[in-house]
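Residues in the sequence shown are numbered consecutively from 34, following our numbering. The structure under discussion appears below in the form of structure tokens.
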Amino acid sequence: MASFKILLVFFLFIIQLKNNYSRYVSHESQEVSDKLHEDISEKKLPETLSLSEYDMKQNDFIVSHALTQKQRRIRQRLLREIQTLRRRLREARRERRRRLMHFRREWRARFANMRRFQQARLAALKLRLQNRIKDLIDQYERALRRARSRTTVAASATTTTTATTTTTATTTTTTTTTTTTTTTTTTTTTTTTTTTTTTTTTTTTTSTTTSTTTTTANGK
């Protein structure tokens, strides 16, 4: 953008110089022409006098030489200004190129720093994730071992209970009969025996209790 502005100013300056130079040349030629007419009028030369009869060559040479000198000076000044503008343009281009290279180096260094920082963050995150996955795997393995041990204990207890002996209940009945005979009266006593069976079941053990009732008869 700066170089474009410099070029635009340079072209505008050249156009302005050309316009000024053309106006200056026209003004100088007009002045020389007016002066020549004044000289002719002061000498009172006839208007029909030819140039060969009037010594105009010397005046024309002087005028052309003066114009040539002025044009040369103007041209030299324009050339010096053009050279100055070209030198400034080259300096501006070199400065622009230098700034652009500096900006590229700075951006590359910044990008490299950002890349290293991101790589370090990714490495730390990867290590953290690996540690977390390892902890989760360890927890899962411990929980699986505990579950397997509990399942083994429960299976062994079920097998022991299934292997126990079935409870058997046994009932025993005992009958006792007592007969008393006298000389005068005969009394026959019938004794009824009540058998009470109490069964207590504790795991695989059965207990049987038998009670016997005894009847006593008295005779006269």
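In this text, a Cβ means the ideal position worked out from N, Cα and C, and glycines have one as well. Remember, predicted model here, so these are calculated numbers, not experimental data.
K38 and E124 have their C-alpha atoms some 14 Å from each other.
Contact check for F43 and L118: beta-carbon distance about 5 Å, within the 8 Å limit, so the pair qualifies.
I170 has its alpha-carbon roughly 58 Å from the corresponding atom of R131. Contact annotation, I115 with Y54: C-beta distance approximately 13 Å; criterion of less than 8 Å not satisfied.
The shortest CA-to-CA distance from K103 to any of S59, R126, Q172 and F136 is the one to S59.
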